[in-house]
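There are 2 protein chains.
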Amino acid sequence: MCNHCVIEDVKRSMLSRRKLLSAGLAATGAAAVSQSLPQATQAAANKMMLTDLTHELSEKFPTFTGEQQFFIDPKFNFAKDAFNQNEWRINEHTGTHVDAPLHFSADGMSVGELPIEDLVAPLAVIDIRTKAADDADAQLTPDDIAAWTSKNGDLPPYCVVAMLSGWDTRVRTNSFRNIGDDGKTMHFPGFHVEAVHQLLDTSAKAIAVDTLSLDYGKSEDFAVHSTWLPAGRYGIECLANLASLPAAGATIIVGAPKVKGGSGGPARVLALQ
Amino acid sequence: MCNHCVIEDVKRSMLSRRKLLSAGLAATGAAAVSQSLPQATQAAANKMMLTDLTHELSEKFPTFTGEQQFFIDPKFNFAKDAFNQNEWRINEHTGTHVDAPLHFSADGMSVGELPIEDLVAPLAVIDIRTKAADDADAQLTPDDIAAWTSKNGDLPPYCVVAMLSGWDTRVRTNSFRNIGDDGKTMHFPGFHVEAVHQLLDTSAKAIAVDTLSLDYGKSEDFAVHSTWLPAGRYGIECLANLASLPAAGATIIVGAPKVKGGSGGPARVLALQ
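Line by line, the protein sequences are chains A and E. Residue 165 in my numbering is what sits at position 181 of the first sequence, and the numbering runs on without skipping anything. Residue 114 in my numbering is what sits at position 130 of the second sequence, and the numbering runs on without skipping anything.
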């Protein structure tokens, strides 16, 4: 297929996808990007779809420990001061956020040191919603990666691999942390350490989840964190709206905070398709 | 020119630009994006350039008031706890950051409410470095906009208009805030309110500066903030590396924090070209 045909094909498929998606934009956080990409992109893709993979962050956002980790303190207000300005107190690992290699290593890269070329990456979305619906302790295993590659081909070089468990829809309920009958153990899906070992043999730059942790909720040893992050790769937790993306073909843009010495931090995460 | 020819032309021009820029990547924060854009983009643009427009944020980052506005408090450390985790205390208007309409209005959009399609936008870079080098109180005026449009055509729809004063290179020196002989008045460039009135007649979504404020340093009335933000547009302050971008043709990606009720917040800002 010549370049011309490839481009025309992509334009047709994107136009068709846009029509399909347009009814559900408000619900999924997606929006059509008009006149907002470089001419090269516009010429190729006409309008591209932009999806917000970020949860709104408020003081009530659920946390791994169960304790409030974000506080917003008004310092100036419009009625009194003619402007509004707040101060935040925030744990780095709150809301939709990045885990830098430094989170689980003595001297790994901080969140401010992540190379920008690793923040804009092809996104592989591995859908484990069916088994997660049956078992809150489900894990993304090598079999799930194999199922993805059998349908979509090899993982793209330097990609981000995301687990879609469907957990983002629970974010405003107790079933997001999902404490069990023992009153303390959380039950939500995560990566299996064997899948992570397999991904370390690829060029994947990050793994991402729509739950509170890269490890599944009942993990007692943070095996995934301890395997993935010290290897110089990074993680993303608490993603939203992965269900509105294709399994392959989207590009993730990770707006990681450029904080010196940060072990992670809240991030604005978008996807282009 | 047929689509095929346009695409081939763009590929050639981007390849040539990449070669030109490759020697200066480390200095400018730019990087080549390989295998990290959707197939549609890759087919059109081969490799695109990614530029980091974000300053590193540390406790020493200069602030508008001169007082420290970012504090990092280690809560866990690897030697003792087997992981690193910090808590931040941060004023919303610190480092490379967004001013939301709510910053200067009673009930304007918060930073969490900015539409995502306004966060990915064509970027017009208006270069006033020559006059800013002569006069630290220089302002971006309607004449500067006219000079840009005479060379580049109309401003793109829904764009971000950035002032390039060259001030980002001063960020680690006292000349960034640039206090005058009176010991209190700051002297750095900003937008002139007449330029902002003119931009309100366009569809521009945001104005951006490489200094500490949308208004120039010696402003006593925040005329630009008070004109632009209540109109439902937003601002970006303390951008870096604008000098490495073309006047027209780049796309800005504003990783604004999705914080409920925030009047602004630190953002990871990137540019694609």
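C-beta: ideal position from N, C-alpha, C; glycine also.
Check, Outcome
"Neighbourhood of K242/E by C-beta, 8 angstroms cutoff - its chain only, sequence neighbours within 5 removed", "V95, G96"
"Secondary structure of A231/E, DSSP reduced to three states", "coil"
"Nonlocal neighbours in the same chain, by C-beta distance under 8 angstroms from K189/A, ignoring five residues either side", "D102, A105, Y142, C143, V144, R217, Y218"
"Short Cβ contact (7 angstroms threshold) for S149/E with P173/E", "yes"
"Backbone secondary structure at L184/E - three-state DSSP", "helix"
"Cβ-based contacts, 7 angstroms cut-off: residues of the segment 68 to 91 of chain A near chain E", "N68, Q69, N70, E71, W72, R73, I74, N75, E76, H77, L86, H87, F88, S89, A90"
"Whole-angstrom distance between N70/E and F62/E, CA atom to CA atom", "11 angstroms"
"Closest by C-alpha distance to A240/A, when choosing among T186/A, G137/A, R252/A, E178/A", "R252/A"
"Selection from T157/A, Q53/A, N68/A, E204/A that minimises the alpha carbon distance to K168/A", "E204/A"
"Reference T114/E; option with closest CA among A90/E, M147/E, D83/E", "M147/E"
"Three-state secondary structure assigned by DSSP to R258/E", "It is not possible to answer for residue 258/E, since the shown part of chain E is limited to -15 through 257."
"Local Cβ density within 10 Å of G248/E, reported as buried at 16 or more and exposed below that", "buried"
"Cβ neighbour criterion (16 or more within 10 Å) applied to A108/A", "buried"
"7 angstroms Cβ cutoff, T38/E in contact with chain A", "yes"
"Any beta strand (DSSP E) of 3 or more consecutive residues that is wholly inside the segment 91 to 133 of chain A", "104 to 111"
"Separation of D138/A from K3/E, as counted between CA atoms", "Note that K3/E has pLDDT 32, beneath the 50 cutoff, so the model's placement of it is unreliable and no number is given."
"Same chain only: Cβ atoms within 6 angstroms of W132/A, ignoring 5 sequence neighbours per side", "I110"
"Burial state of R161/E (16 or more Cβ within 10 Å)", "buried"
"Local conformation of P58/E per DSSP, three classes", "strand"
"Exposure label - S89/E; buried when at least 16 CB within 10 Å", "buried"
"T80/E: first and last residue of the uninterrupted alpha helix (DSSP H) it sits in", "Per DSSP, T80/E belongs to no alpha helix (DSSP H) and is neither H nor E."
"Run of the alpha helix (DSSP H) containing W212/E, from where it starts to where it stops", "207 to 212"
"Proximity winner among A207/A, D152/A, L196/A, relative to V82/A (alpha-carbon distances)", "L196/A"
"The ligand MN heavy atom lying under 6 angstroms from the CB of E43/E", "The ligand MN is absent from the structure shown, which contains no ligands of any kind."
"For S187/A and V180/A, the rounded distance between their alpha carbons", "12 angstroms"
"Cβ pair G246/A, E76/A closer than 7 angstroms", "yes"
"Residue-chain proximity (G50/E, chain D), Cβ-Cβ < 7 angstroms", "Judged by its chain identifiers, the structure shown contains no chain D, and its protein chains are A and E."
"Test item: CB-CB of A130/A and A122/A under 7 angstroms", "no"
"Alpha-carbon spacing of W151/A relative to W72/E, whole angstroms", "27 angstroms"
"Beta-carbon neighbours of A251/A, restricted to chain E and to distances below 9 angstroms", "G239, P241, R252"
"Contacts around A192/A, its chain only, beta-carbon distance under 6 angstroms, and the 5 residues preceding and following it disregarded", "V144, A146, I220, L223"
"Below-7 angstroms beta-carbon distance, I191/E vs any chain A residue", "no"
"Host beta strand (DSSP E) of M32/A (start-end)", "32 to 36"
"Sub-7 angstroms separation of L194/A and L226/A beta-carbons", "The question names Leu, but residue 194/A is Asp in the sequence shown. It is a contact, given that the beta carbons lie within the stated cut-off."
"Exposure label - N68/E; buried when at least 16 CB within 10 Å", "buried"
"V145/A at chain E interface by Cβ criterion, 7 angstroms", "no"
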